[in-house]
Structures are given as C-alpha cells and as structure tokens.
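Student: Please see the structure below; I have some questions.
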Amino acid sequence: MHVGQAGTQMGNACWELYCLEHGIQPDGQMPSDKTHGGGDDSFNTFFSETGAGKHVPRAIFVDLEPTVIGINKHLELVKVIIS
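In the UniProt record's numbering, the protein residues as written are 1 to 83.
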C-alpha cells in the first residue's frame, strides 16, 4: 500500500525495479523465454496474472491529490497498475 505523494512516487520506483528483477515488461507481459514452470515463480508473491496473461502488481496507491498519480499515468507500469 502506497499512501500520499511520497508513497506513490516511491511505490512507482519500487514496482519498476520489481518488474526489472522478475523480467516483466512494462506492459505487464512476460517474455516467452521466462515461461511458468521454468523454475523461479517468486514473482507470484508480488504480481497477479490476469486472464489475458498480464502480470499486475499487488498494490494499492492512495493519494487525495490526483496530480501525483496523474503525472505518472504516462508510464506503462502505472497503466498496468490502474487496469
């Protein structure tokens, strides 16, 4: 749970790193060379898989001021989080 301006900004940075660490692309897709059952499924701790095969972060971003989240909407990661 990421709360407030600082929490939202730090959360965005953390989730970008989690995506890099687990090989998840900014659009939520996992490359075909990192298929399930290939050994390490630790990303399931941080991400849920949708029916369409997208991996979305298990996170909640809360801020009463919409501009902070709005500023970051151009990032693919935020589009995945909001979807």
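Idealized CB from N, CA, C, for every residue including glycine. Here the structure is a predicted model, which means the values were calculated and not measured.
Taking C-alpha atoms, which residue in PRO66, GLU49 and ALA13 lies nearest to ARG58?
Tutor: Per the Cα distances, GLU49.
Student: Quick one: what's got a C-beta closer than 6 Å to PHE43's C-beta in the same chain, skipping five residues either side?
Tutor: Cβ within range, chain order: HIS22.
Student: Would you kindly check if the distance between the Cβ of VAL56 and the Cβ of PHE8 is under 9 Å?
Tutor: According to the sequence provided, residue 8 is Thr. The question's Phe does not apply to it. No, the pair does not count as a contact, with Cβ atoms beyond the cut-off.
Student: Take ALA52 as the anchor and find which of ALA6, GLN25, GLN29 and GLY11 has the nearest alpha-carbon.
Tutor: Cα-wise, what sits closest to ALA52 is GLN29.
Student: What's the call for ILE24, buried or exposed, on a 16-neighbour Cβ count within 10 Å?
Tutor: Looking at its Cβ environment, which holds 16 or more other Cβ atoms inside 10 Å, ILE24 is buried.
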